[in-house]
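Novice: Here it is, the structure in full.
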Amino acid sequence: VSYFLSGEHRGYKHGAFSRTKPFKNFCIKDKEFGAFEVLARYSAMDYSNVVSEGIDDKVSDITLGLNWYLNSHTRLMYNFVMSDFHKSGDNNKLYGNLMRLQADF
């Protein structure tokens with residue numbers, strides 16, 4: 001699920017998402033900040049049919065993210081991922097901070 005804090009939207013046509021176009025591009029001089037999108041995702045995987053018995057065979061994670069669209073071709077992405085490996089013991093959680101700068105043409 002995602003939501004644009006700045007009011008933009010992500011177009012969808014013929015089974016594909018289109019490029020996000022901020023209402024105002026990032027510009028320090030004009031005090032414009034582009035577009036901001038917050039998102040959340042839950043995913044789970046059960047791969048018990050492809051691993052040997054006795055091996056932990058399930059994992060799930062929750063991802064929280066923020067996308068900053070500087071213009072229609074550049075965005076900065078941040079994701080915080082919380083994973084649970086569904087195994088016994090104290091060390092069954094994994095946390096990750098991920099950042100990516102994307103520029104496309």
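The sequence shown begins at 1 in my numbering and counts up one residue at a time. The beta carbon of each residue, even a glycine, is placed where N, CA and C say it ideally should be.
On the DSSP bridge list, what partners appear for ILE62?
Specialist: The partner list for ILE62 (beta bridge, DSSP) reads TYR42 and MET82.
Novice: Does the Cβ-Cβ distance between ALA35 and TYR69 come in under 8 Å?
Specialist: Closer than 8 Å, so yes.
Novice: In its own chain, which residues sit with a C-beta less than 6 Å from the C-beta of THR63, not counting the 5 before and 5 after it?
Specialist: Once the five neighbours on either side are set aside, the close Cβ partners of THR63 are ARG41, ASN79 and VAL81.
Novice: Give the single residue among PHE17, VAL50 and SER6 whose Cα lies nearest to the Cα of GLU32.
Specialist: Nearest option by C-alpha distance: SER6.
Novice: Taking 8 Å as the limit between beta carbons, can you name the residues of its chain near LYS93, skipping five residues before and five after?
Specialist: Only MET82, SER83, ASP84 and PHE85 meet the Cβ criterion.
Novice: Between the alpha carbons of ASP57 and LYS24, how many angstroms are there, rounded?
Specialist: Between ASP57 and LYS24, the C-alpha separation is close to 46 Å.
Novice: How many angstroms separate the CA atom of TYR12 from the CA atom of ILE28?
Specialist: So the alpha carbons of these two residues sit roughly 31 Å apart.
Novice: VAL59: which of SER18, TYR95, PHE26 and HIS9 sits nearest, CA to CA?
Specialist: That would be TYR95, whose Cα lies nearest to the Cα of VAL59.
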